[in-house]
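Have a look at the structure below before the remarks.
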Amino acid sequence: MPEGDTVWRAARDLDRALRDQELTRCDIRVPRYATVDFTGKTVRNVVARGKHLLIRVEDEWTIHSHLKMEGLWHVYPKGGRWRRPAFKARCVLETAAKSVVGFELGFLRVIAQQEEDDAVGYLGPDLLGPDWDSGEALRRLRADPERPIGLALLDQRNLAGIGNVYRCELCFLAGEHPLTPVGEIKNLPRMVELAHRLLETNKDRSTRVTTGNLLRDPLWVYGRTDRSCLRCGTRIIRSELGDNELEQRVLYHCPHCQPAKVTA
828 MPEGDTVWRA
838 ARDLDRALRD
848 QELTRCDIRV
858 PRYATVDFTG
868 KTVRNVVARG
878 KHLLIRVEDE
888 WTIHSHLKME
898 GLWHVYPKGG
908 RWRRPAFKAR
918 CVLETAAKSV
928 VGFELGFLRV
938 IAQQEEDDAV
948 GYLGPDLLGP
958 DWDSGEALRR
968 LRADPERPIG
978 LALLDQRNLA
988 GIGNVYRCEL
998 CFLAGEHPLT
1008 PVGEIKNLPR
1018 MVELAHRLLE
1028 TNKDRSTRVT
1038 TGNLLRDPLW
1048 VYGRTDRSCL
1058 RCGTRIIRSE
1068 LGDNELEQRV
1078 LYHCPHCQPA
1088 KVTA
């Protein structure tokens, strides 16, 4: 599942392939931008911003994408065989040596570079970005103390880069039930710092690990429905949580290690 670490790696790989390179082919397979052609122009750089990816073409344009649930970018040698069907490609960029293909991108558009702040400026501090600021992330989280931590962590306006996997794992590692209000989290600064450390640790590897065991049981709770908690043996519970019915996301937690708050 694409989260901030996945997008960071994609940006790194695309930047290595495209930075300072002249495009010999530009094929954007989104109807609104089908006539856009950057052939002959030079890619300045490629950067990640939370879960967003920005491919900057010279000093004028940006190809802005979001992987959503299924999207991914591949880099191939020029003329190399694609590992995904061609009909799933949404963007093809080629240089003299490389082919870069975006498959099943949930969101893709072309904007003027001067509009980047309008596009991604609302995001909170990027957990893997040069602007990471734990103090600002804490300020944003604490601005709504009644909001469940399981929703606040997914809100990219608070801190950018956390997806559903990290949401579940962070709540477990902090010993907090996902429905616990932000204002009642025992050690919110530690939780934020842990989020930063986990993404930093995982950004250079394709297998996401939170337990320290890369080969077996790499995650504490995510995807472990009805299996035993690795810490206490209690059955992991699967549920859903979202701001509304359309935004419900699968949630995993251990009812023993993450007890729900008891209200009078």
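Counting in the working numbering, the sequence shown runs without a single skipped number right up to 1091 at its last residue. Each residue gets a CB set at the ideal place from its N, CA and C atoms; glycine is no exception.
Around the Cβ of residue i, are there at least 16 other Cβ atoms within 10 angstroms (buried) or fewer (exposed)?
i, result
"E887", "exposed"
"D832", "buried"
"N1014", "exposed"
"T889", "buried"
"D847", "exposed"
"P972", "exposed"
"A913", "exposed"
"L1054", "Residue identity differs from the one stated: residue 1054 is Arg in this sequence, not Leu. The residue is exposed, with fewer than 16 neighbouring Cβ atoms inside 10 Å."
"K1088", "exposed"
"H1004", "buried"
"K878", "buried"
"G988", "buried"
Return the CA-CA distance between residue i and residue j, expressed in angstroms with no decimal places.
i, j, result
"E921", "P1016", "44 Å"
"R1076", "Y993", "13 Å"
"E897", "H891", "16 Å"
"V1085", "R1058", "This sequence places Gln at residue 1085; Val is not what is there. Rounded to whole angstroms, Q1085 to R1058 spans 11 Å at the Cα level."
"L1025", "P975", "21 Å"
"T869", "Q983", "31 Å"
"T851", "L881", "19 Å"
"E963", "P952", "7 Å"
"A946", "V873", "16 Å"
"Y903", "Y949", "33 Å"
"P858", "L968", "38 Å"
"Y860", "S926", "19 Å"
"C918", "I938", "15 Å"
"I855", "K905", "18 Å"
Tell me which residue opens and which closes the alpha helix (DSSP H) that residue i is part of.
i, result
"F999", "N991 to L1000"
"V947", "E943 to V947"
"G898", "Element bounds for G898: n/a, residue is neither H nor E."
"A861", "No alpha helix (DSSP H) contains A861, which DSSP labels as neither H nor E."
"E963", "S961 to R969"
Tell me whether residue i sits in a helix, a strand or coil according to DSSP, three-state version.
i, result
"Y1049", "coil"
"I882", "strand"
"R1017", "helix"
"L986", "coil"
"A838", "helix"
"S1055", "strand"
"D1031", "coil"
Does the ligand FMN have a heavy atom nearer than 6 Å to the CB of residue i?
i, result
"R917", "No copy of the ligand FMN occurs in the structure displayed, which carries no ligand at all."
What residues are listed by DSSP as bridge partners for residue i?
i, result
"I1012", "Beta-bridge pairing links I1012 to no other residue."
"I855", "C918"
"F930", "L899 and A916"
"V874", "L881"
"P975", "P1008"
"S892", "L880 and L935"
"E849", "T869"
"K925", "P904"
First and last residue of the beta strand (DSSP E) that includes residue i?
i, result
"R1076", "R1076 to H1080"
"V937", "F934 to A939"
"I1064", "I1064 to L1068"
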